[in-house]
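Chemist:
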Amino acid sequence: MSRTLIRRSGGAGYAGCPRTDNAAVPTRVQDLTSTVPDHLRRAISPHGGMVRGLMNLSRDSGDPKLYLSLAAPANPKFLVEGQHGLIDFFASGIGLTLEEANTTAVAEAIERYCAAYVIPERLLLATWEELGEDALHPGELPLFTKEQYEQWQFPYRPFTEQSMIRWVHGRSLTNGRMKWVPAAIAWDSYIPQSGDEEAICFGLMTGSAAGATKEQAMIGGLLEIIERDAFMIMWYNSLSLPRLDTRDLLVMEQFKELLDPNRFELTVIDTTSDIGIPSAFGLLMTRDGKVSVGGSSRLSMEEAVRKTLMEISQLFIGNKPQIYSKSIPSLLPHQVTDYGLRLPYYEQPYAHEELAFTTASSEFRSIQPALPIAAGTEAERLQYIVQQLAKRGLEVLCVDLTTDDVRQLGLHVVKMIVPGTVQLPRSEKERIITSERIYKTPVELALRTESILPQNLNRSPHPFP
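Numbering (the UniProt record's numbering) for the sequence shown: 1 to 465.
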């Protein structure tokens with residue numbers, strides 16, 4: 001079982017770091033946590049909290065007038081055996097108000113805590129042959145190529161019907177049935193729990209989401225999957241997609257600082273795929289060659305653009321010390337083996353030229369009105385997204401990752417899994433390029449006349465940290 005909720009005073013570690021003494025928490029940090037809703041504040045404590053600390057980052061005068069907060073999730077690696085633990089040690093949140101930024105950061109930290117907390121009691125060690133049709137078939141899950149498996153010291157083995165792995169129960173939203181899902185794709189990070197378990201992959205970051213309701217969390221996870229699938233299809237195929245005409249959007253007023261032509265060049269691209277959910281990718285270029293990126297899928301393109309610009313601002317404001325560091329490492333594409341190396345890669349001199357194709361289109365596309373379903377209930381919106389994926393032959397699976405202590409807060413954390421969609425890889429050595437969508441979708445959308453060959457895929461590392 002996962003841990004039970006420990007009652008807390010609502011204190012927070014100074015500057016996001018756990019305190020080691022019994023001194024009073026500084027007033028300004030208490031003020032910071034006072035902006036967080038009561039049920040989330042209960043999660044914050046440097047002594048055993050799911051969230052160990054919370055801090056707010058200051059912005060420069062020329063930045064968008066937004067608030068940016070960081071929260072430090074507890075690391076399950078130190079709470080129970082057999083855990084790889086966190087991949088990212090901080091979660092960030094951005095908003096128009098301090099309350100929005102703090103709330104988002106704390107919720108994101110709780111999501112990462114659950115998504116890294118593997119609960120052994122929920123797992124079953126078996127082969128697909130033993131479980132049969134009640135489990136996800138290996139053929140439905142695109143993983144690595146024959147050439148990757150043959151590489152020296154490649155850490156994973158092919159996923160076959162005979163693979164001895166651990167499984168966790170999930171539910172298919174497509175047909176309503178319960179289904180066994182490989183544990184290795186249900187958590188953000190996963191390592192075999194015993195010597196007789198085969199490693200088939202490290203885990204999937206995409207699709208984890210938290211929400212006040214389970215439906216809200218599921219919608220968030222699915223939209224993330226759709227956004228990253230659309231982006232990676234564009235990326236691997238080096239497609240120059242239409243730019244979005246954002247000039248008349250009211251939401252642009254919130255980001256007017258990014259429109260200063262003396263400092264920045266901002267481009268937002270329409271990456272909407274065959275799934276039909278409005279999707280956007282944004283690239284911010286500074287006049288001195290630095291970059292920031294963002295992306296989003298929403299049920300309205302205007303909202304997708306707003307969320308994309310929020311992500312761009314979040315990355316730019318929060319990572320200036322790294323972006324403008326004088327000691328940027330020298331990296332080749334194959335040396336990008338973690339999300340944290342992707343931003344430094346593109347801050348290298350001239351590396352931004354590898355992003356040029358994303359903004360090369362001369363076609364401008366107007367922002368279309370929101371889909372009618374955008375005004376629907378959570379249940380209606382969720383059903384619509386599931387149906388859109390089903391039209392493309394894609395099944396939607398949900399694994400509930402909510403730990404007992406998080407459930408007591410009234411929150412829900414899920415991992416949404418859509419086998420066959422294109423993954424955003426953590427390491428360039430572990431690219432998953434076996435999804436048919438990489439090759440077929442551009443042809444179906446008339447973006448290519450024939451499918452790209454695997455050896456011709458874009459070899460540059462994607463830019464998302």
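For glycine and all other residues, C-beta sits at the position ideal for the given N, C-alpha and C. Source: prediction; values computed, not measured.
Among all the DSSP beta bridges, which residues are the ones paired with residue 169?
Modeler: Paired residues: 180.
Chemist: Below 8 Å between beta carbons: does that hold for residue 86 and residue 102?
Modeler: Cβ distance not < 8 Å, so residue 86 and residue 102 don't count as in contact.
Chemist: Quick one: using the 10 Å Cβ neighbour count with 16 as the cut-off for buried, is residue 456 buried or exposed?
Modeler: Its Cβ having fewer than 16 others within 10 Å, residue 456 is exposed.
Chemist: Ordered along the chain, which non-local residues of its own chain (more than five positions away) have a Cβ less than 7 Å from that of residue 206?
Modeler: The answer, listed in chain order, is 224, 225, 228, 423, 424.
Chemist: Determine the DSSP secondary structure at residue 252, reduced to helix, strand or coil.
Modeler: In the structure shown, residue 252 sits in a helix (DSSP, three-state: H, G or I).
Chemist: Is residue 154 buried or exposed, if buried means 16 or more other CB atoms sit within 10 Å of its CB?
Modeler: Flag for residue 154 reads exposed.
Chemist: Is it the case that the Cβ atoms of residue 331 and residue 341 are separated by a distance below 8 Å?
Modeler: For residue 331 and residue 341, yes; Cβs fall inside 8 Å.
Chemist: Within a Cβ cutoff of 7 Å, which residues of the same chain sit near residue 441, ignoring the five residues on either side of it in sequence?
Modeler: The answer, listed in chain order, is 233, 273, 274.
Chemist: Could you spell out the range, first to last residue, of the beta strand (DSSP E) harbouring residue 264?
Modeler: From DSSP, the beta strand (DSSP E) with residue 264 extends over 264-270.
Chemist: So is residue 384 buried or exposed if we call it buried at 16+ other beta carbons inside 10 Å?
Modeler: Buried, since its Cβ has 16 or more Cβ neighbours within 10 Å.
Chemist: Pairing CB atoms from the stretch 293-305 with CB atoms from the stretch 53-61, are three or more of them under 8 Å?
Modeler: The stretch 293-305 vs the stretch 53-61: no contact.
Chemist: Report, in whole angstroms, the separation of the C-beta atoms of residue 114 and residue 401, which I expect to be a contact under 8 Å.
Modeler: With 8 Å as the limit, residue 114 and residue 401 qualify as a contact, their Cβ atoms being about 5 Å apart.
Chemist: Taking the beta carbon of residue 360 as the centre, do at least 16 other beta carbons fall within 10 Å, making it buried, or is it exposed?
Modeler: Exposed.
Chemist: What residue range is occupied by the uninterrupted beta strand (DSSP E) comprising residue 369?
Modeler: No beta strand (DSSP E) holds residue 369; DSSP gives it neither H nor E.
Chemist: Is it buried or exposed for residue 454, if we count other Cβ within 10 angstroms and need 16 for buried?
Modeler: Its Cβ having fewer than 16 others within 10 Å, residue 454 is exposed.
Chemist: Along the chain, where does the beta strand (DSSP E) that runs through residue 413 open and close?
Modeler: Residue 413 -> beta strand (DSSP E) spans 412-417.
Chemist: List the DSSP bridge partners of residue 281.
Modeler: Beta-bridge pairing links residue 281 to 269, 295.
Chemist: Taking the straight line between their C-alpha atoms, what separation do you get for residue 338 and residue 346?
Modeler: Each residue's alpha carbon lies about 14 Å from the other.
Chemist: Looking at residue 277: is its Cβ nearer than 8 Å to the Cβ of residue 299?
Modeler: Their beta carbons are under 8 Å apart, which means residue 277 touches residue 299 by this criterion.
Chemist: Are the stretch 236-248 and the stretch 353-370 touching, with three or more C-beta to C-beta distances below 8 Å?
Modeler: Touching, per the Cβ criterion.
Chemist: Do you know offhand how far residue 182's Cα is from residue 196's?
Modeler: Each residue's Cα considered, the two are about 15 Å apart.
Chemist: For residue 21, name the three-state secondary structure that DSSP assigns.
Modeler: Residue placement at residue 21 cannot be trusted, given a pLDDT of 33 that sits under 50; what the coordinates show is reported in the next sentence. Looking at residue 21 - three-state DSSP - the assignment turns out to be coil, as it is neither helix nor strand.
Chemist: Between the alpha carbons of residue 39 and residue 266, how many angstroms are there, rounded?
Modeler: Distance between the alpha carbons of residue 39 and residue 266: 38 Å.
Chemist: Taking the C-alpha atoms as reference points, what is the distance between residue 254 and residue 174?
Modeler: Their Cα atoms are separated by approximately 38 Å.
Chemist: With H, G and I counted as helix, E and B as strand and the rest as coil, what does DSSP make of residue 16?
Modeler: The predicted position of residue 16 is uncertain, since its pLDDT is 32 and thus under 50; a value taken from the coordinates is nonetheless stated next. It is helical.
Chemist: Applying the criterion that 16 or more other CB atoms from any shown protein chain within 10 Å of the CB defines a buried residue, is residue 194 buried or exposed?
Modeler: It counts as exposed.
Chemist: Using the Cα positions of residue 282 and residue 295, report the straight-line distance between them to the nearest angstrom.
Modeler: Each residue's Cα considered, the two are about 6 Å apart.
Chemist: Should residue 412 go down as buried or exposed, given a rule of 16 or more other Cβ atoms within 10 Å for buried?
Modeler: Burial call: buried.
Chemist: Give the C-beta separation of residue 93 and residue 69 to the nearest angstrom, bearing in mind that I take them to be a contact with Cβ-Cβ under 8 Å.
Modeler: With 8 Å as the limit, residue 93 and residue 69 qualify as a contact, their Cβ atoms being about 5 Å apart.
Chemist: Give me the DSSP bridge partner(s) of residue 91.
Modeler: Answer by DSSP bridge pairing, in chain order: 71.
Chemist: Considering only the alpha carbon of each residue, which of 438, 199, 432, 111 lies closest to residue 466?
Modeler: With the chain covering 1 to 465 only, the question about residue 466 has no answer from this structure.
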